[in-house]
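Everything below concerns the one structure shown next.
In my numbering, the protein residues as written are 164 to 490.
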């Protein structure tokens, strides 16, 4: 007798389900907050009202440079009554929104921490009769396991897209200053995760090894990534092909797992760089006639651009994007 993976008595299934729903909630909160970033944390705004506030408070808002010269910056504020008043005023006006942003950043770190703990528990036999492999063979299990990894990658991509690195640094430093180290348990880990990557959404210049280097800050085990990629490569994870039996509709049938594969492959840059056969198989199966994809709710990417710095991925893509194939 095998217990249903999503049965309320199956702790392996329930914990993974909770984890993925938490991941979706974190991304929803990120969208909410990123639409309400106070102008004072942005780079010099062009709007006159916003630039006035920016100019007013810029003397008490610092990025990670503050962490290297804490005494210097604190002395600068304490030796000026004007800056002290400004600092108090800033704290009163912004502490509430800073609290929410900090909890968002911390929740991403806690998500990956809990995902790693879950994977360890599976490997160590905490869940009786369940292993990573058995979860990936179950219909619901493989969907949730792929989603858990994909949601983590998506959080990182959207964090950098919607709340740029310099803004994250200023918020974290302000929150740390006003709360004090005793109140902020995971500040070192959160700062490591959220420090700027060099990516700038307004500047289309592609960074070398981005975002795979960024994904390495808190990496997932290579073995797990390989299993998940293998499952997405070989399987119809969401059982969609029976709904779209016509061969011309295959990229529509596999669109959901294709988006997941795009994100998860950044955890395995060696495949994107070197594994020509795997990338050829991935592209032929998922992106043969559609390489502009939405990886999360309307966030579009063009794979012929995104993968151009990865040798094997670019070669596989070049084959698909030849003019006669496009026609």
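The beta carbon of each residue, even a glycine, is placed where N, CA and C say it ideally should be.
Which runs of the alpha helix (DSSP H), 4 residues or longer, sit entirely within the region 314-388?
-> 328-342, 350-357 and 375-378
Cβ neighbours of residue 358 in the same chain (closer than 8 Å, five flanking residues each side left out) | Within the chain shown, numbered from 1, the residue matching residue 358 stands at position 195. Excluding residues within five positions, the ones whose Cβ falls inside 8 Å are 227, 328, 331 and 332.
Quickly, what does DSSP pair residue 463 with across the bridge? List them, please.
-> Residue numbering aside, residue 463 sits at position 300 when the chain shown is read from its first letter. Looking at the DSSP assignment, residue 463 forms a beta bridge with 457.
What is the rounded straight-line gap between the Cα of residue 440 and the Cα of residue 449?
-> Mapped onto the chain shown, residue 440 falls at position 277. Mapped onto the chain shown, residue 449 falls at position 286. Cα-Cα distance, rounded: 14 Å.
Report all residues from its chain with a CB closer than 6 Å to the CB of residue 176; omit the five preceding and five following residues, and keep chain order.
-> Within the chain shown, residue 176 is the residue found at index 13, counting from 1. Once the five neighbours on either side are set aside, the close Cβ partners of residue 176 are 168 and 169.
Kindly indicate which residue of 269, 317, 174 and 291 has the alpha-carbon position closest to the one of residue 425.
-> Residue mapping note: residue 425 aligns to position 262 of the chain shown, counting from 1. Comparing Cα positions, the closest option is 317.
Flag this pair as yes or no: are the beta carbons of residue 401 and residue 352 separated by less than 7 Å?
-> Stepping through the chain shown from its first residue, residue 401 is reached at position 238. Stepping through the chain shown from its first residue, residue 352 is reached at position 189. It is not a contact, given that the beta carbons lie outside the stated cut-off.
Sequence ranges, alpha helix (DSSP H) only - wholly within the region 210-262, length at least 4 | 211-220, 228-231 and 233-241
Best match in 377, 184, 286 and 487 for proximity to residue 427 [C-alpha to C-alpha] | Position 264 of the chain shown, counting from 1, holds the residue named residue 427. Nearest option by C-alpha distance: 377.
Quick one: give me the first and last residue of the alpha helix (DSSP H) that residue 444 is part of.
-> If you number the chain shown from 1, residue 444 lands on position 281. Unbroken alpha helix (DSSP H) run through residue 444: 439-449.
Along the chain, where does the alpha helix (DSSP H) that runs through residue 192 open and close?
-> For this step, residue 192 is matched to residue 29 along the chain shown. That run of the alpha helix (DSSP H) goes 174-197.
Taking C-beta to C-beta, are residue 362 and residue 373 nearer than 7 Å?
-> Position 199 of the chain shown, counted from the start, is the residue given in the question as residue 362. Position 210 of the chain shown, counted from the start, is the residue given in the question as residue 373. Their beta carbons are under 7 Å apart, which means residue 362 touches residue 373 by this criterion.
Anticipated Cβ contact below 8 Å, residue 480 with residue 446, distance rounded | Walking along the chain shown from the start, residue 480 turns up at place 317. Walking along the chain shown from the start, residue 446 turns up at place 283. Yes, they are in contact, since the Cβ atoms of residue 480 and residue 446 sit about 6 Å apart, within 8 Å.
Look at the alpha carbon of residue 393 and the alpha carbon of residue 178, and state the distance between them as a whole number of angstroms.
-> For the purposes of this step, residue 393 is taken as residue 230 along the chain shown, with counting starting at 1. For the purposes of this step, residue 178 is taken as residue 15 along the chain shown, with counting starting at 1. Distance between the alpha carbons of residue 393 and residue 178: 23 Å.
For my contact list, residue 456 and residue 464 are in at a C-beta cut-off of 8 Å; report their separation, rounded to the angstrom.
-> On the chain shown, position 293 is the one that residue 456 refers to. On the chain shown, position 301 is the one that residue 464 refers to. Confirmed, about 6 Å.
Report all residues from its chain with a CB closer than 8 Å to the CB of residue 285; omit the five preceding and five following residues, and keep chain order.
-> For this step, residue 285 is matched to residue 122 along the chain shown. Hits under 8 Å: 175, 293, 294, 295 and 298.
Secondary structure of residue 288, DSSP reduced to three states | Here residue 288 is taken as the residue at index 125 of the chain shown, counted from 1. Residue 288: coil per DSSP, three-state reduction.
Could you pull the start and end residues of the alpha helix (DSSP H) that residue 482 belongs to?
-> On the chain shown, position 319 is the one that residue 482 refers to. Looking at the DSSP string, the run of the alpha helix (DSSP H) that includes residue 482 is 474-483.
DSSP three-state call for residue 308: helix, strand or coil?
-> Numbered from its first residue, the chain shown carries residue 308 at position 145. Reduced to three states, the DSSP call for residue 308 is helix.
Pick from 429, 421 and 342: whose alpha carbon is nearest that of residue 371?
-> By one-based count along the chain shown, residue 371 stands at place 208. Checked all of 429, 421 and 342; the closest Cα to residue 371 is 429.
Determine the contact status of residue 267 and residue 192, defining contact as a CB-CB distance below 7 Å.
-> For the purposes of this step, residue 267 is identified with residue 104 of the chain shown, where counting begins at 1. For the purposes of this step, residue 192 is identified with residue 29 of the chain shown, where counting begins at 1. It is a contact, given that the beta carbons lie within the stated cut-off.
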